[in-house]
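Engineer: Here's a structure for you.
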Amino acid sequence: ARLEEEVRLLRRNYKAQTRETAGMDALVEAIYSVVPEMPKAIVPPKYKPLGKEIEDESAVLCLGDWHYGQVVDPDQNGGISAYNVAIARERVRFTIDTAIKLATEKLQGYRFNNLYVFGLGDWVSGIIHKELEITNEIVIVEQILEVSNLLAEGLLKLAMVFPHVHFVNVVGNHGRVEAKPYWDNKAINNYDYLVGKIVERQLAKQPNITFNLPKSFWALQEVENTRFLVTHGDSVKGWGGIPFYGLQRLYTKMRTLQQDYGADFHHIVCGHLHNPNEFTIVRHKMFINGALVGGDPFSIGAISAACDPVQLFFGVHPRRGITWRFPITSIDIN
């Protein structure tokens, strides 16, 4: 009788998981049938070396924790921060334009044939928190469609400057379809995954953009002989600040796990914590990208913390590894 009950339970769980996966696949297929492809933009020619004084590198732009649709009322937090859909759009465009300006005007001694865009999740404000579901400026369907268009526009603009753009998309926690955390189908049963699939469809005609949309909650990406593990970071638990020891455990355990299965990496890039930071583990780096929101009612009320809206931009050399870093701060875009 006990075995029969276990079999019934397993069958019920299997059917539920299959139904969820099939539902998301059907939604992606339906969207593919109606989402228009953007017209192809001009592809810039590949740079040619101009001499020994020119460094040939790749650039990495980290985008994530946009929480598109969330509203932060400055009157409720003493004027510390403000956020809404209009501010989000301006901060995204400022970030894209600044990355282009840095690569083409400020870094005169470098040539970038490849740009890697690490999409770190939490594109949408989501529906996992009841208060956000009530106070969001737009509902979840509008969040998905609008942020997909915004991201696609940004990638297309980058593809008109960089000869090759490689987009890596991992999912966050705000994109969950249910409030309770889950691990089975964590990546594909997530609105952030859907955003990635919509953007892939929109930019299908652009020949110099490639997509890496993993069905796991992390991705491994090699950039100029340096390997990165890209993940949102919500599996690390912390309160009141940056959980350094938790991040260190994530690094050591994930690296051991990947090494045991033949897929090593050097550095981790994550988001989730909203506070841009980096620290060294032996020889390698743990990068924490910022967020576009800045302070919100939770961070200010629960832990008395806020941060500037920052997205990380850095370079990778084929022999020297990670070189320059620029935190692109859009604090004045409000």
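Positions 22 to 355 (this note's numbering) are the ones given, in order, by the sequence shown. We put the beta carbon where it would ideally sit given N, CA and C, even for glycine.
Measure the C-alpha to C-alpha separation of L333 and D213 and round it to an integer number of angstroms.
Structural biologist: On the sequence shown, position 312 is the one that residue 333 refers to. On the sequence shown, position 192 is the one that residue 213 refers to. Roughly 20 angstroms between the two C-alpha positions.
Engineer: Spatial neighbours of F286 within its chain, please: C-beta separation below 7 angstroms, excluding the five flanking residues on both sides.
Structural biologist: For the purposes of this step, residue 286 is identified with residue 265 of the sequence shown, where counting begins at 1. Excluding positions up to five away in sequence, the list reads L241, R248, F249, L250, R276 and Q279.
Engineer: Residues in the same chain with beta-carbon distance under 8 angstroms from E58, minus the five sequence neighbours each way, listed in chain order, please.
Structural biologist: Within the sequence shown, residue 58 is the residue found at index 37, counting from 1. Correct list, in chain order: R222, Q223, L224, A225 and K226.
Engineer: Can you tell which of P95, I219, L136 and D86 has the C-alpha that lies nearest to the C-alpha of A51?
Structural biologist: Along the sequence shown, one-based indexing puts residue 51 at 30. The shortest C-alpha separation from A51 is found at I219.
Engineer: On the DSSP bridge list, what partners appear for P348?
Structural biologist: Here the question's residue 348 lines up with position 327 in the sequence shown. Answer is L333, bridged to P348.
Engineer: Should the segment 148-160 be called in touch with the segment 91-106, which here means at least 3 C-beta pairs below 8 angstroms?
Structural biologist: yes
Engineer: Beta-carbon within less than 8 angstroms of Q296's beta-carbon, same chain only, minus the 5 sequence neighbours each way: which residues are those?
Structural biologist: Translated into positions along the sequence shown, residue 296 becomes position 275. Note on identity: in this sequence residue 296 is Asn, with Gln being the wrong assignment. Counting only Cβ-Cβ distances below 8 angstroms, and skipping sequence neighbours, we find G262, I263, I309, G311, A326 and C328.
Engineer: At what residues does the alpha helix (DSSP H) containing Y214 begin and finish?
Structural biologist: Walking along the sequence shown from the start, residue 214 turns up at place 193. Run containing Y214: Y212 to Q223, per the alpha helix (DSSP H) assignment.
Engineer: Spatial neighbours of W239 within its chain, please: C-beta separation below 7 angstroms, excluding the five flanking residues on both sides.
Structural biologist: For the purposes of this step, residue 239 is identified with residue 218 of the sequence shown, where counting begins at 1. Taken in chain order, the residues that qualify are V191, L250, V251 and T252.
Engineer: Going by DSSP, what residue range makes up the alpha helix (DSSP H) through N233?
Structural biologist: On the sequence shown, residue 233 is found 212 positions in, with the first residue counted as 1. Under the DSSP assignment, N233 falls outside any alpha helix (DSSP H), being part of the beta strand (DSSP E) whose first and last residues are I230 to N233.
Engineer: Could you tell me whether the Cβ atoms of V81 and Y137 are closer together than 8 angstroms?
Structural biologist: In the sequence shown, counting from the first residue as 1, residue 81 sits at position 60. In the sequence shown, counting from the first residue as 1, residue 137 sits at position 116. Cβ distance < 8 angstroms, so V81 and Y137 count as in contact.
Engineer: For Y131 and C83, I'd like the C-alpha separation in whole angstroms.
Structural biologist: Counted from its first residue, the sequence shown places residue 131 at position 110. Counted from its first residue, the sequence shown places residue 83 at position 62. Y131 and C83: Cα-Cα distance of roughly 19 angstroms.
Engineer: Taking 8 angstroms as the cut-off, does the segment 141-148 touch the segment 192-201 (at least 3 CB pairs, one atom from each stretch)?
Structural biologist: yes
Engineer: Shortest alpha-carbon distance to L171 belongs to which of K201, V216 and F139?
Structural biologist: In the sequence shown, residue 171 corresponds to position 150, counting from 1. Between L171 and the set K201, V216 and F139, the nearest pair of CA atoms involves V216.
Engineer: Judging by CA-CA distance, which residue of N134, K236 and L177 is the nearest neighbour of D205?
Structural biologist: As a first step, residue 205 is located in the sequence shown; it is residue number 184 there, counting from the start. Comparing Cα-Cα distances from D205 to each of N134, K236 and L177, the minimum goes to K236.
Engineer: Does the Cβ-Cβ distance between S79 and V182 come in under 8 angstroms?
Structural biologist: Residue numbering aside, residue 79 sits at position 58 when the sequence shown is read from its first letter. Residue numbering aside, residue 182 sits at position 161 when the sequence shown is read from its first letter. No; because the gap between Cβ atoms is not below 8 angstroms, this pair is not in contact.
Engineer: Measuring only the C-alpha atoms, how far is F133 from E167?
Structural biologist: For the purposes of this step, residue 133 is identified with residue 112 of the sequence shown, where counting begins at 1. For the purposes of this step, residue 167 is identified with residue 146 of the sequence shown, where counting begins at 1. Going by the C-alpha atoms only, they are around 30 angstroms apart.
Engineer: Closest to G316 by CA distance: which of Q91, N233, G175 and K274 is it?
Structural biologist: One-based indexing of the sequence shown puts residue 316 at position 295. Closest option to G316, Cα to Cα, is Q91.
Engineer: Indicate whether V314 and H88 have their beta-carbon atoms separated by less than 8 angstroms.
Structural biologist: For this step, residue 314 is matched to residue 293 along the sequence shown. For this step, residue 88 is matched to residue 67 along the sequence shown. Yes, the Cβ-Cβ distance between V314 and H88 is below 8 angstroms.
Engineer: Taking the alpha-carbon positions, what's the I321 to N98 distance?
Structural biologist: Numbered from its first residue, the sequence shown carries residue 321 at position 300. Numbered from its first residue, the sequence shown carries residue 98 at position 77. Their backbone Cα atoms lie some 7 angstroms apart in a straight line.
Engineer: Give me the residue from N246, G100 and N233 with the minimum Cα distance to P318.
Structural biologist: Walking along the sequence shown from the start, residue 318 turns up at place 297. The candidate whose alpha carbon is nearest that of P318 is G100.
Engineer: Inspect the beta-carbon positions of D86 and L141 and report whether they are closer than 8 angstroms.
Structural biologist: Residue mapping note: residue 86 aligns to position 65 of the sequence shown, counting from 1. Residue mapping note: residue 141 aligns to position 120 of the sequence shown, counting from 1. Taking 8 angstroms as the Cβ cut-off, D86 and L141 qualify as a contacting pair.
Engineer: I'd like the list of long-range same chain contacts for H293, defined as Cβ closer than 6 angstroms, with 5 residues on each side in sequence excluded.
Structural biologist: Here residue 293 is taken as the residue at index 272 of the sequence shown, counted from 1. H253, G254 and D255, listed in sequence order.
Engineer: Go to K178, then tell me how far its alpha helix (DSSP H) extends in each direction, as first and last residue.
Structural biologist: Position 157 of the sequence shown, counted from the first residue, corresponds to residue 178. Run containing K178: I161 to A180, per the alpha helix (DSSP H) assignment.
Engineer: Entirely within the segment 239-270 and at least 3 residues each: give me those beta strand (DSSP E) ranges in chain order.
Structural biologist: The DSSP assignment places complete beta strand (DSSP E) segments of no fewer than 3 residues inside the segment 239-270 at 239-244 and 247-252, in order along the chain.
Engineer: Can you give the Cα-Cα distance for I372 and R270, rounded to whole angstroms?
Structural biologist: Because the chain in this structure spans residues 22 to 355, residue 372 falls outside the shown range and cannot be described.
Engineer: How is R341 classed by DSSP in three states: helix, strand or coil?
Structural biologist: Along the sequence shown, one-based indexing puts residue 341 at 320. Correct three-state label for R341: coil.
Engineer: Are there 16 or more other CB atoms within 10 angstroms of the CB of F188, so buried, or fewer, so exposed?
Structural biologist: For the purposes of this step, residue 188 is identified with residue 167 of the sequence shown, where counting begins at 1. That one is buried.
Engineer: The alpha helix (DSSP H) with A326 in it runs from where to where?
Structural biologist: In the sequence shown, residue 326 corresponds to position 305, counting from 1. Counting along the chain, A326 falls outside any alpha helix (DSSP H), and DSSP gives it neither H nor E.
Engineer: Just the Cα atoms here: how many angstroms apart are K61 and A180?
Structural biologist: On the sequence shown, position 40 is the one that residue 61 refers to. On the sequence shown, position 159 is the one that residue 180 refers to. Straight-line Cα distance between these residues: approximately 10 angstroms.
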